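Just below is one structure, and these are the notes that go with it.
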Amino acid sequence: MNTEFLNKITCGDCRKLLPKLDKESIHLFLSDIPYGINLDEWDVLHNNTNSALLGSSPAQEGKNGFKRRGKPINGWSNADKNSGKEYEEWCYSWAEQLFPLMKEGASAFVFGARRTLHRAINAFEDSGFLLKDVLAWKKTSAHHRAQRLNIVLKNRGLEQELQAWEGWRLGNLAPIYEPIAWFFKPYKVTITDNILINGVGAINTEICKINGTSPSNLLEFGFADNEEKYHEAQKPLNLIEFLINLTTKENQTVLDSFMGSGTTAVASKHLNRNFIGFEIHEKYCEIGNLRLNGTEINTNLNGKHKPQSTLFG
Ligand SMILES: C[S@@+](CC[C@H](N)C(=O)[O-])C[C@H]1O[C@@H](n2cnc3c(N)ncnc32)[C@H](O)[C@@H]1O
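The sequence shown begins at 4 in our numbering and counts up one residue at a time.
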């Protein structure tokens, strides 16, 4: 049995811990995995040592958003171009270990970045999972910076170009949503027989109604006013609770192998689900386990929610 790991957050590399779990014991995998977009050290999942990639620009210093430049999307070197492939290989290194642990018909929700989620989807498909949908989590606000082109041109002394580029900007549209890939493990019998055998495969839209209406695949959730912020990639508790309620029943087991500050653990506990959680950083393990016990936490990340850092996400 998984009792050694049940209902606590275990500190360690999930690639070493996943093989210790029982086969076909997990009713839901729900994880906000590292997106591979260089948000912080834990999110660098490639061998690219391009110094521009991991440096920070003066505009980023002291800012809440990305601490690192991390934006090689114009692919100026072969090392940059390989980053996506290396991220996919990293995803596969643990997704293939996850597959045998899941019950047939069980769901897996994988949070990702719009630019890199396809790599995680490939890894999950290659591990045996089937993609069911890609949900969109619509946030209440998004960090956004798109420089005015005529200011850039003016700074370069190109006064004669200003009028031609009036109204144009350098950057993206405001990144207001994040995708969540929804997979399931294939089953050998009919869906109804599988539900009766394994207890998973159906969705509880009744309990997940929003303002009396059945939910769609556009999920609009924000942080509660009094929700504390412990992790730069933290997700709202009510979003995680929604996904758990949608796909599991009480006393079933939820696995999150990238726990961060423990949001999935706290949500599972609220909803009377068992959970197993792994987190590689001791600091976050400690924060997660304290959150679980309802202990007040004194850390410099602790504070009322600040907007999610999606500047380049
Ligand atoms: C996107 S964050 C999760 C944040 C979380 N959703 C929350 O609400 O706090 C991903 C976490 O995965 C952890 N991580 C990265 N590689 C890991 C590994 N191999 N095993 C376990 N945890 C890992 C990172 O330290 C980071 O805290």
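Ideal Cβ placement from N, Cα and C applies to all residues, glycine included. Treat the numbers as computed from the prediction; the structure is a model and nothing was measured.
Contact check for His30 against Lys141 fails: the beta carbons are separated by 7 Å or more. Annotated as distal: Leu173 and Leu199, with beta-carbon spacing of 7 Å or more. Taking a cut-off of 8 Å on C-beta distances, the stretch 10 to 17 touches the stretch 287 to 295, as three or more cross pairs fall below it.
With a cutoff of 7 Å on beta-carbon distance, Lys238 and Thr266 are scored as near each other. Judged by DSSP secondary structure, Ile36 falls outside any alpha helix (DSSP H); it is assigned neither H nor E.
Listed in chain order, the non-local C-beta contacts of Gly204 below 6 Å within the same chain comprise Gly108, Ile194, Asn197, Ile198, local neighbours out to five positions each way being set aside. Beta-bridge analysis with DSSP links Arg151 to Arg172.
Counted as a single uninterrupted DSSP element, the beta strand (DSSP E) harbouring Leu222 occupies residues 221 to 223.
For Tyr287, the three-state secondary structure derived from DSSP is helix. Within 10 angstroms of the beta-carbon of Ala268 lie 16 or more other beta-carbons, which makes it buried. Under the three-state reduction of DSSP output, Asn277 falls in the strand class.
Pro37 and Gln163 have their C-alpha atoms spaced approximately 45 Å apart. Ranked by how close their Cα comes to the Cα of Val113, the residues Asn201, Asp35, Glu27, Leu21 have Asp35 in first place. Runs of beta strand (DSSP E) with 3 or more residues, each lying fully within the stretch 217 to 257, are found at 221 to 223, listed in chain order.
Taking the Cβ of Glu282 as the reference point, at least one heavy atom of ligand 1 falls within a distance shorter than 6 Å. In the structure shown, Val137 falls within a strand segment according to DSSP collapsed to helix, strand and coil. For Lys191, the closest C-alpha among the options Ala184, Asn201, Leu48 is that of Asn201.
The beta carbons of Leu48 and Tyr90 sit closer together than 7 Å. Considering only Glu128, Asn81, Asp46, the residue with the shortest C-alpha distance to Glu235 is Asp46.
Judged by their CB atoms, Asn220 and Asp129 are not nearer to each other than the 7 Å cut-off. Secondary structure note for Ala111: its beta strand (DSSP E) is the uninterrupted segment 105 to 114. At a threshold of 6 Å, His146 does not count as near ligand 1, since its beta carbon sits no closer than that to any of the ligand's heavy atoms. The three-state reading of DSSP puts Pro182 in strand, counting E and B together. Cβ neighbours of Asn81 within its own chain (closer than 6 Å, five residues either side excluded): none.
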